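Enquirer: Here you go, one structure.
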Amino acid sequence: QVQLVQSGAEVKKPGASVKVSCKASGYIFTTYYIHWVRQGPGQSLEWMGWINPANGNTRYSQKFQGRVTITRDTSASTGYMELNSLRSEDTALYYCARERVVAGGELLDPWGQGTLVTVSS
Amino acid sequence: DIQMTQSPSSLSASVGDRVTITCRASQSIRTSLNWYQQKPGKAPKFLIYAASSLQSGVPSRFTGSGSGTDFTLTISSLQPEDFATYYCQQSYSTPKTFGQGTKLEIK
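So the protein lines, in turn, are chains W and L. Residue numbering for the first sequence follows my numbering, starting at 14 and increasing by one per position. Residue numbering for the second sequence follows my numbering, starting at 27 and increasing by one per position.
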């Protein structure tokens with residue numbers, strides 16, 4: 014079955030960087046975009062960006078532009094999200110999700126299990 | 027950016043009740059509206075796409091409707107497994123913004 018499995022929890026100091034991985038299985042990795050979404054403690058979902066695994070093209074939310082880099086390794090069927098210059102407000106669960114194009118738009122399904130990133134001095 | 031506003035932010039109801047959650051977009055998004063369900067400690071799960079189309083396997087007690095800027099998610103007869111937080115998301119334009127969520131609790 015289609016599955017996205019993310020890397021484990023991370024604890025980082027302010028100013029550091031974090032790189033989260035998302036390994037896909039059960040489908041051809043290059044045929045579906047991968048999105049990254051985060052969720053702060055007790056908060057809603059915040060879309061960060063996507064990557065087209067076929068060619069590496071990316072699109073980022075303006076909020077994270079310049080601080081986030083989304084990449085992929087097609088040989089490993091794995092996507093990555095790197096966030097730099099971490100601050101305490103970046104403490105959150107980070108999710109990857111596969112995009113499915115449907116009539117009228119696109120949806121995110123399935124999602125990875127989430128990776129908790131804690132930023133603390 | 028398109029802002030998505032859900033109401034109410036929380037809702038208390040009983041098993042068997044009919045409940046409706048509203049989602050409003052700050053500009054027209056046609057029918058590019060998805061609904062997700064999230065249970066504590068779990069990733070969101072996709073329920074409805076294009077405002078009213080049910081994901082395969084989602085019970086028919088869930089219905090979505092609306093177009094333009096106003097959308098609703100209705101659960102016709104609440105079951106114990108439906109108590110969760112529900113999010114709307116617009117897929118019309120980037121960034122793909124989400125509503126702030128509606129937490130459905132047992133009365």
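Where is the CB? At the ideal position from N, CA and C, for every residue including glycine. Predicted model, so just to flag it, every value in this text is computed and none were measured.
Which residues in the same chain have their Cβ closer than 7 angstroms to the Cβ of L/Val41, if we skip the five residues on either side of it in sequence?
Expert: Excluding positions up to five away in sequence, the list reads Leu104, Gln105 and Pro106.
Enquirer: So with Cβ pairs under 8 angstroms, would you call W/Asp122 a contact of chain L?
Expert: Answer yes: the Cβ-Cβ gap between W/Asp122 and chain L drops below 8 angstroms somewhere.
Enquirer: Does any CB atom of chain L fall closer than 8 angstroms to the CB of W/Thr107?
Expert: Reading off the sequence shown, one finds Tyr at residue 107 of chain W, where the question assumed Thr. No, W/Tyr107 does not count as interfacial toward chain L.
Enquirer: Under 8 angstroms, Cβ to Cβ, is there at least one residue of chain L near W/Arg80?
Expert: So, not an interface residue.
Enquirer: Got a sec? Which residues, its chain only, sit under 7 angstroms from L/Thr120 by beta carbon, not counting five neighbours each side?
Expert: Within the same chain, L/Thr120 has no close Cβ partners at all.
Enquirer: Going along the chain, which residues of its own chain have a beta-carbon closer than 6 angstroms to the beta-carbon of W/Gly127, five neighbours each way excluded?
Expert: Cβ within range, chain order: Leu106 and Tyr108.
Enquirer: Just to make sure I have the definition right: I need the residues of chain W whose C-beta is within less than 7 angstroms of the C-beta of L/Arg50. Which are they?
Expert: The contacting residues do not exist; L/Arg50 stays about 15 angstroms from chain W at best.
Enquirer: Within 8 angstroms, do at least three Cβ pairs link the segment 109-125 of chain W to the segment 87-104 of chain L?
Expert: They do not touch, by the three-pair rule.
Enquirer: Please say whether L/Gln63 and L/Gly127 have beta carbons closer to each other than 8 angstroms?
Expert: No, these two residues do not count as a Cβ contact at 8 angstroms.
Enquirer: Name the two residues that bound the continuous beta strand (DSSP E) containing W/Tyr73.
Expert: Segment Thr71 to Tyr73, the beta strand (DSSP E) holding W/Tyr73.
Enquirer: Which residues does DSSP list as the beta-bridge partners of L/Arg50?
Expert: The partner list for L/Arg50 (beta bridge, DSSP) reads L/Thr31 and L/Asp96.
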